[in-house]
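Chains as they are written, first to last, in this note's numbering: chain A, 26 to 325; chain B, 36 to 641.
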């Protein structure tokens with residue numbers, strides 16, 4: 026039983042990170058109907074900036090502490106926010122009225138660019154990452170919670186609450202929801218759609234940066250292709266919960282994280298990736314709009 | 036149908052065989068090239084690239100069938116390639132060591148292709164009813180699952196991969212397969228099946244209404260494409276001598292998608308060229324060492340931004356040939372038909388809203404019935420019920436004596452119902468000619484195999500379809516627009532093109548949904564004349580939805596008035612004109628009460 030709870034706690038902690046990345050996918054999909062495949066690499070850039078900041082430019086990594094970690098994270102958020110803004114401006118905006126497959130190819134191009142650019146600048150080998158103190162923070166009998174896990178869970182929950190506030194209780198959030206319902210009507214009502222879309226990208230990228238720092242702290246390493254799998258999985262989580270749906274992304278991330286940890290705990294970790302996608306396919310076949318998504322009938 | 040396109044089986048086979056002569060003749064030529072060049076050490080590197088291009092062409096052209104022609108969105112092509120590659124490699128490695136005539140090699144390729152096609156069917160069958168992005172995600176997930184399964188299966192060499200695979204695949208093999216893929220693809224594209232693929236891409240609802248089994252065609256495109264990807268995988272394994280799961284990640288799938296999009300969605304020429312360009316690009320950038328993939332990705336983005344429709348758009352090299360056939364009018368008689376629509380007490384509810392309630396309608400052959408009513412009365416919903424877009428919540432609908440419950444829209448189209456749409460649903464990126472030819476789709480009988488072999492039946496049918504389409508364009512006064520894309524036609528002509536397309540299905544009853552919407556008074560009057568003449572000429576029954584009362588009064592023989600989903604009146608035009616409830620619905624209750632005497636005297640007309 027203790028083993029089971031250990032898996033559940035690990036699952037929640039990984040799931041929370043997936044959820045943070047998934048939010049970026051889901052918000053961008055909501056406003057643009059675009060699968061932003063470069064999002065996983067923005068997450069990687071977030072982790073990498075954290076590494077540069079903590080190991081190269083300051084001595085934070087030699088002496089991990091919460092204050093330093095906060096500074097490093099804020100720096101990563103800033104860089105990723107700008108990156109998200111630039112990506113949307115340069116690569117997606119010119120294609121906004123083109124067929125959707127085109128923007129998808131561009132997204133893949135941007136994703137390759139960030140990965141290979143990362144390999145060029147950073148080198149292909151993984152490097153040790155540590156902005157947070159390591160070790161065990163809490164014990165519940167035989168179940169132990171790592172320091173990183175505690176921080177991950179607290180930070181994710183806090184960010185999700187903040188995001189929920191932004192999306193449902195601010196002017197910008199209302200505008201985002203309006204654009205996701207119908208961009209052209211929103212524009213007619215005086216919503217500056219360009220600004221809303223930029224804001225959405227920045228918001229998603231900032232969350233991805235935090236997720237990057239947390240993920241890199243959990244598996245203490247950074248490398249240029251680290252965004253690939255978590256990115257895909259987070260995307261799966263977004264679809265699982267119902268793409269375009271903010272609470273859905275959170276739920277999807279948690280479900281996916283839990284399923285993965287339990288499967289790799291009781292079966293074999295090499296089947297972990299297959300299980301994630303297997304669940305996805307099953308859910309899509311049974312409930313194509315995801316767990317919390319709502320379907321739309323086409324008008325004839 | 037068989038009598039019409041008769042011809043002995045032998046003659047068919049002979050013709051079909053003749054059509055493959057140039058192809059078969061090309062094989063020795065490839066072999067000669069290989070013999071003189073590929074085996075020279077100086078040429079080794081060049082031919083390695085050329086062979087990689089060949090494999091990339093098979094992949095891109097086959098994916099183009101799904102992503103380009105059929106408009107579905109698959110990003111798991113590498114998964115099918117892996118299935119084909121591994122199955123054929125396992126067969127080869129366990130097969131006889133001595134295979135002088137390469138017979139077993141051919142069997143192993145066929146085995147790989149078959150396995151990949153089967154995988155395509157297993158993935159496609161349940162998931163192709165999903166739309167757009169969701170399908171993409173399922174194919175992506177499938178590709179990843181395949182990779183994980185391979186990594187965890189000892190038979191397939193696990194994460195290390197399989198080697199050594201006998202290296203049977205050389206220039207001749209790879210390019211024979213590449214040319215065959217292009218040929219199969221082109222012949223499918225030019226056949227009635229190719230048009231069915233395109234119609235699915237352009238507008239699924241309209242395609243169903245024209246009698247195209249959209250799900251069936253999606254699955255077929257998917258299976259053929261997966262099978263060809265399997266061939267590419269088999270050849271790739273037997274060319275490199277090894278297979279490893281790392282070469283089938285979704286990055287590989289993306290590269291193939293990039294080839295299709297960059298080439299121009301649906302263009303076979305484009306896919307072929309883009310396959311070559313994107314294979315060579317990283318090779319030529321090799322000198323830049325670490326930067327090459329960075330530059331490759333930047334070029335990909337820039338190409339996409341500069342040429343969003345791809346290198347070739349939807350065009351093909353052979354479209355530019357001077358001897359391409361142009362319009363030539365040919366009059367021909369179209370068969371008479373008898374029709375009967377019988378709707379009994381049909382009701383449909385959407386949640387709590389009853390859109391149409393207790394609707395009954397009988398349409399006799401050659402009858403011209405008008406369905407009128409204010410906005411939101413449920414007129415279009417009636418059409419959607421008739422054509423099977425929605426099943427009725429209650430009641431029955433008989434078309435040509437057959438209960439349509441449980442039938443898909445394309446089945447109902449086969450029974451003899453054709454329709455147009457209120458918000459024009461043409462296949463926008465296809466020519467007017469192709470739009471009408473697509474309407475003939477369900478009247479053709481050639482099989483996909485015959486289309487690829489170029490049998491006589493398909494040739495005769497193609498000629499017949501072309502004649503029929505041209506005649507219908509002529510009737511609707513659109514012959515001068517034959518080769519224009521539907522989206523470039525002016526509004527009125529688009530409406531007429533929709534009617535021509537609907538007529539091409541050989542309907543017994545034609546359902547016209549506000550054909551006069553958005554036209555001026557004179558055009559409206561002309562259109563009504565045209566509708567009458569269509570009825571007289573083709574002998575079809577016509578059900579017409581129209582807002583404008585005056586218009587329908589002149590043209591129709593019987594009128595049905597709907598308001599808020601309820602049939603409030605039915606009868607001859609004259610009776611409808613003086614019906615109090617109709618006037619109430621159109622002009623308001625107050626007006627009807629105040630002018631009761633004039634209405635009774637027939638002085639007020641809505």
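Yeah, the Cβ is synthetic: ideal placement off N, Cα and C, and Gly gets one too. A quick note: this is a predicted structure, and the numbers were derived from the prediction, not measured.
Cβ-based neighbour list, residue i, same chain, cut-off 6 Å, excluding 5 preceding and 5 following
| i | result |
| --- | --- |
| residue 221 of chain B | 303 |
| residue 267 of chain B | 90, 93, 94, 116 |
| residue 645 of chain B | Limits of chain B in this structure are 36 at one end and 641 at the other, which puts residue 645 of chain B out of reach. |
| residue 440 of chain B | none |
| residue 156 of chain B | 258 |
Contact test: residue i Cβ vs the ligand FAD heavy atom, cutoff 7 Å
| i | result |
| --- | --- |
| residue 559 of chain B | In terms of ligand content, the structure shown is empty, and the ligand FAD therefore cannot be addressed. |
Chain B contact for residue i (CB, 8 Å cutoff)
| i | result |
| --- | --- |
| residue 213 of chain A | no |
| residue 313 of chain A | yes |
| residue 127 of chain A | yes |
| residue 43 of chain A | no |
| residue 119 of chain A | yes |
Beta-carbon separation (whole angstroms), residue i vs residue j, contact threshold 8 Å
| i | j | result |
| --- | --- | --- |
| residue 127 of chain A | residue 296 of chain B | 6 Å |
| residue 302 of chain A | residue 179 of chain B | 5 Å |
| residue 51 of chain A | residue 263 of chain A | 4 Å |
| residue 492 of chain B | residue 481 of chain B | 5 Å |
| residue 18 of chain A | residue 248 of chain A | Outside the modelled stretch of chain A, which goes from 26 to 325, sits residue 18 of chain A, for which no answer is possible. |
| residue 46 of chain A | residue 255 of chain A | 6 Å |
| residue 107 of chain A | residue 70 of chain A | 10 Å between Cβ atoms; not a contact. |
Chain B residues whose Cβ lies nearer than 7 Å to that of residue i
| i | result |
| --- | --- |
| residue 116 of chain A | 336 |
| residue 142 of chain A | 329 |
| residue 60 of chain A | 168 |
Beta carbon proximity, residue i to chain A, threshold 8 Å
| i | result |
| --- | --- |
| residue 237 of chain B | no |
| residue 621 of chain B | no |
| residue 340 of chain B | yes |
| residue 300 of chain B | yes |
| residue 109 of chain B | no |
| residue 165 of chain B | yes |
| residue 289 of chain B | yes |
| residue 343 of chain B | yes |
| residue 143 of chain B | no |
| residue 282 of chain B | no |
Residues near residue i by beta carbon distance below 7 Å, same chain, minus five either side
| i | result |
| --- | --- |
| residue 212 of chain B | 93, 266, 270 |
| residue 516 of chain B | 467, 524, 528 |
| residue 530 of chain B | 459, 550 |
| residue 109 of chain A | 67, 226, 227, 229, 230 |
| residue 207 of chain A | none |
| residue 27 of chain A | 166, 167, 168 |
| residue 152 of chain B | 258, 261, 262, 265 |
Contacts of residue i in chain A (Cβ-Cβ under 9 Å)
| i | result |
| --- | --- |
| residue 293 of chain B | 130, 133, 134 |
| residue 296 of chain B | 124, 126, 127, 129, 130 |
Partner residues on chain B for residue i, Cβ-Cβ distance less than 8 Å
| i | result |
| --- | --- |
| residue 295 of chain A | 183, 186, 187 |
| residue 264 of chain A | 169, 172 |
| residue 305 of chain A | 172, 173, 176 |
| residue 138 of chain A | 329, 332, 333, 336 |
Neighbour list for residue i in chain A, Cβ cutoff strictly below 8 Å
| i | result |
| --- | --- |
| residue 179 of chain B | 257, 298, 299, 302 |
| residue 162 of chain B | 306, 309, 310 |
Within chain B, the residues that residue i reaches when beta carbons sit closer than 9 Å
| i | result |
| --- | --- |
| residue 19 of chain A | Limits of chain A in this structure are 26 at one end and 325 at the other, which puts residue 19 of chain A out of reach. |
| residue 145 of chain A | 325, 326, 328, 329 |
Chain-order list of residues whose beta-carbon lies under 8 Å from that of residue i (same chain, five-residue window excluded)
| i | result |
| --- | --- |
| residue 102 of chain B | 108, 109, 292, 295, 296, 300 |
| residue 165 of chain A | 30 |
| residue 339 of chain B | 296, 297 |
| residue 131 of chain A | 116, 117, 120 |
| task | Could you name each continuous alpha helix (DSSP H) segment of 4 residues or more that falls completely within the stretch 204-260 of chain A, going from the start of the chain to the end? | result | 208-213, 218-243
| query | Mind pulling the alpha helix (DSSP H) runs of 4 or more residues that sit fully within the stretch 388-468 of chain B? | reply | 414-421, 444-450
| request: Could I get the ranges of all uninterrupted alpha helix (DSSP H) runs contained in the stretch 160-201 of chain B, with 4 residues as the minimum, in chain order? | output: 167-186
| message | At 3 residues or longer, what runs of the beta strand (DSSP E) sit wholly inside the stretch 552-612 of chain B? | response | 576-580, 593-598, 601-606
| field | Segments of 4+ residues assigned as alpha helix (DSSP H) that fall wholly inside the stretch 107-137 of chain B | value | 112-129
| task | Can you check the stretch 28-68 of chain A for any alpha helix (DSSP H) of at least 4 residues that lies completely inside it and give the ranges in chain order? | result | none
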